[in-house]
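Contents: one structure, followed by commentary.
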Amino acid sequence: MLVECLIRVVDKVGTTQRLDAGLTKDGDAIVIQRSPGIWGIEDFANPDWRIVLIDLTATQVDALLAAETGEFAYRDNRKRKFRLNTGAMTPYIHDNPTGIVDLTDMNMNALIMLKGEL
Amino acid sequence: MATPVVKSIGTATRDYSTIQAFEDAIPASIVATDETWTGETYNDSEFSAGTTFSGTTTDATHWITLTTATGESFIDDAGAASNPLKYDQSKGVGIKVTAAYTQAINISTQYVTLEKIQIWRTSAGGSNRVIIAGNNTTINNNILYQENTFEAVSLASSGSKIINSLIITKSTGGTGLELLSGAGAYNVTVASPSDVTNSGTGIVAVYANNIVKNCCSFGFNTDYSASGWDTTNSSYNASDSTGNPGGNSQDSLTYANQFENTTSASHDFRLKAGSDLEGNGTRDATNTGDLDIIGQARSTTTPDIGCWEYQAAAGAISNLAGSGGLAGQGSLIVGPGGLAG
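Chains A and B, in that order, give the protein sequences.
Following my numbering, the residues of the first sequence are numbered contiguously, the last one being 170.
Following my numbering, the residues of the second sequence are numbered contiguously, the last one being 745.
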């Protein structure tokens with residue numbers, strides 16, 4: 053299905069290791085809406101975000117929005133277990149920072165990545 | 405003094421269309437930026453996604469509030485005093501989360517306040533709660549509806565409290581409110597519909613030093629857990645069984661005599677005339693500001709138990725207006741409606 057995905061392209065960096073884990077990082081999906089989505093003014097204006105039009109299965113949507121689970125003594129759970137490889141999107145998402153970037157030709161299976169251990 | 409940042413959230417050309425985007429836009433440390441952040445939701449449509457507040461550095465003077473814009477809450481509806489007290493998004497901002505394995509609101513950031521919002525967590529699979537929160541969370545004047553078997557609301561520890569709120573748990577084994585250690589509940593109504601056999605517990609204190617005051621629990625197999633309470637500061641609680649924490653409790657009440665309607669299909673948890681909850685609470689201006697869930701004035705001598713204050717005649721309503729304007733993070737502001745006779 054065609055979806056519009058608000059993704060972070062610049063890491064948020066926390067003040068402690070515990071808090072840092074709870075912040076979104078480059079490639080994390082913040083919001084996913086079926087296309088056409090309804091977006092706010094600042095959803096487009098935030099320089100740390102991009103909105104991309106992509107073709108995902110329902111399973112892929114669930115994966116991108118899923119939080120990490122587990123009990124870690126030294127840090128919070130991460131908001132997202134998977135991320136998108138924004139490096140592969142770079143030529144496109146940096147050319148068009150404020151509109152919806154059409155990435156429907158890209159193979160999403162190759163772009164969705166499980167995050168490594170912290 | 406911290407700079408207030410106020411953002412609109414909704415689907416009619418607001419700053420953000422989702423609550424999660426609002427949360428993600430908050431800087432990593434609002435102590436460093438010397439800000440407070442307030443998200444004002446609009447009832448443009450029903451919100452449907454779960455939201456996680458995590459990672460942000462805050463403190464007592466650099467806080468985050470999620471509330472409603474002026475006129476957008478069930479509290480602000482012209483018929484608030486006569487509307488059934490239940491989740492009804494047509495009356496004000498509502499969040500209905502249906503996705504499996506998703507908490508409606510998950511808060512690990514400290515110093516977050518959630519107020520004047522209705523939230524419905526449906527029965528999809530997974531450990532889904534309406535609200536799960538860590539330290540220093542304040543939940544004011546909300547209607548919280550749980551159809552899942554997990555706790556409707558779970559508050560972790562010291563500094564977290566729920567005030568003037570309604571929790572409805574409609575499941576066969578669900579807990580209404582879970583307080584872990586040193587958390588507090590003040591003028592909260594916790595109910596399981598009378599036509600549902602619920603094997604769960606209304607209000608559970610998991611560890612120690614939890615306070616429950618002016619609260620009521622009805623329709624559960626067990627209304628309050630047997631231990632985990634600060635019995636010095638817990639008092640004036642009610643239920644349809646015995647064993648309510650603290651002194652001055654109202655025991656073994658008849659559920660059907662307390663509320664306008666207690667059934668699944670037509671529930672309405674406003675107090676009815678003659679309810680045993682009327683006049684049997686104790687004043688707690690610190691937490692309630694002497695107001696009830698919709699801003700009706702409470703008696704300053706013999707207030708009611710639970711989230712609703714019964715009004716013998718047409719009630720005086722002081723709207724709960726202004727960001728951060730509820731007890732705990734600022735002053736109480738009488739809204740544009742003023743004191744109506």
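For each residue, glycine too, the CB sits at the ideal point set by N, CA and C.
One question on the structure: do residue i and residue j come within less than 8 Å of each other, judged by their Cβ atoms?
i, j, result
"Ser668/B", "Val594/B", "no"
"Ile59/A", "Gly79/A", "yes"
"Lys167/A", "Lys133/A", "yes"
"Tyr491/B", "Asn532/B", "no"
"Glu555/B", "Ser527/B", "no"
"Tyr590/B", "Ile572/B", "no"
"Val610/B", "Ser638/B", "no"
"Gly685/B", "Asn618/B", "yes"
"Tyr706/B", "Gly683/B", "Looking at the sequence provided, one finds Thr at residue 706/B rather than Tyr. Yes, these two residues count as a Cβ contact at 8 Å."
"Glu476/B", "Val497/B", "yes"
"Lys64/A", "Ala432/B", "yes"
"Leu108/A", "Met53/A", "yes"
"Ala716/B", "Gly92/A", "no"
"Asp634/B", "Asn648/B", "no"
With DSSP as the reference, label residue i as helix, strand or coil.
i, result
"Phe124/A", "coil"
"Met53/A", "coil"
"Gly498/B", "strand"
"Asn625/B", "strand"
"Val534/B", "coil"
"Asp80/A", "coil"
"Gly139/A", "helix"
"Ile103/A", "strand"
"Lys133/A", "coil"
"Asp419/B", "coil"
"Met165/A", "strand"
"Ile152/A", "strand"
"Ser727/B", "With a pLDDT of only 39 at Ser727/B, under 50, the local geometry of the prediction cannot be trusted, and the value read off the model is given with reservation. Coil at Ser727/B, not helix or strand."
"Thr576/B", "coil"
"Ile430/B", "coil"
"Asn684/B", "coil"
"Gln654/B", "strand"
"Ile59/A", "strand"
"Gly74/A", "coil"
"Asn602/B", "strand"
"Glu85/A", "Note that residue 85/A corresponds to Gln in the displayed sequence, not to Glu. It is a strand residue."
"Thr111/A", "helix"
"Ala660/B", "helix"
"Glu94/A", "helix"
"Thr690/B", "helix"
"Leu116/A", "helix"
Give every residue of the same chain whose Cβ lies closer than 8 Å to the Cβ of residue i, excluding the five residues on either side of it in the sequence, and list them in chain order.
i, result
"Ile423/B", "Ile413, Gly443, Thr445, Phe451, Ala453, Thr455, Leu470 and Ile499"
"Asn487/B", "Phe478, Asp481 and Lys495"
"Leu117/A", "Ala81, Ile84 and Arg132"
"Thr150/A", "Phe96 and Ala97"
Within the same chain, show all residues whose beta-carbon is closer than 7 Å to that of residue i, passing over the 5 residues directly before and after it, in chain order.
i, result
"Leu170/A", "Ala73 and Arg127"
"Ser598/B", "Gly623, Tyr659, Ala660, Thr666 and Thr667"
"Leu155/A", "Val104, Leu105, Ile106, Met141 and Tyr144"
"Ile430/B", "Trp441, Thr460 and Ile468"
"Thr415/B", "Ser421, Asp448 and Ser449"
"Thr462/B", "Ile434, Val435, Ile468, Thr513, Gln514 and Tyr515"
"Gln69/A", "Tyr126 and Arg127"
"Asn545/B", "Ile479, Glu519, Lys520, Asn568, Ser569, Ile697, Leu724 and Leu730"
If I measure Cβ to Cβ from residue i and keep anything under 6 Å in the same chain, skipping five residues before and after, which residues do I get?
i, result
"Val608/B", "Thr579, Glu582 and Ser629"
"Ser703/B", "none"
"Ser653/B", "Asn641"
"Ala731/B", "Note that Ala731/B scores 41 on pLDDT, short of 50, meaning its location in the model is unreliable; the coordinates nonetheless yield the value given after this. Excluding sequence neighbours, Ala731/B sits near Asn691 and Gly693."
"Asp680/B", "Gln654 and Leu657"
"Leu559/B", "Ala537, Leu583 and Ala587"
"Asp419/B", "Lys411 and Ser412"
"Val62/A", "Asp100"
"Trp524/B", "Tyr491, Lys500 and Tyr549"
Pull the bridge partners of residue i from the DSSP assignment, please.
i, result
"His466/B", "Asp463/B"
"Ile547/B", "Gln522/B and Leu570/B"
"Asp481/B", "According to DSSP, which records beta bridges pairwise, Asp481/B is partnered with nothing at all."
"Val516/B", "Ile468/B and Thr541/B"
"Cys620/B", "Thr593/B and Ala642/B"
"Asp672/B", "Asn665/B"
"Gly588/B", "Lys565/B and Ile615/B"
"Thr456/B", "Asn510/B"
"Ala609/B", "Leu583/B"
"Ser412/B", "Glu444/B"
"Val557/B", "Ile535/B and Leu581/B"
"Phe451/B", "Ile499/B"
"Thr754/B", "The requested residue 754/B is not part of the displayed model; chain B covers only 405 to 745."
Are the stretch 514-534 of chain B and the stretch 470-479 of chain B in contact at 8 Å, needing three or more beta carbon pairs? yes
Does the stretch 564-582 of chain B touch the stretch 532-542 of chain B, meaning 3 or more C-beta pairs lie closer than 8 Å? yes
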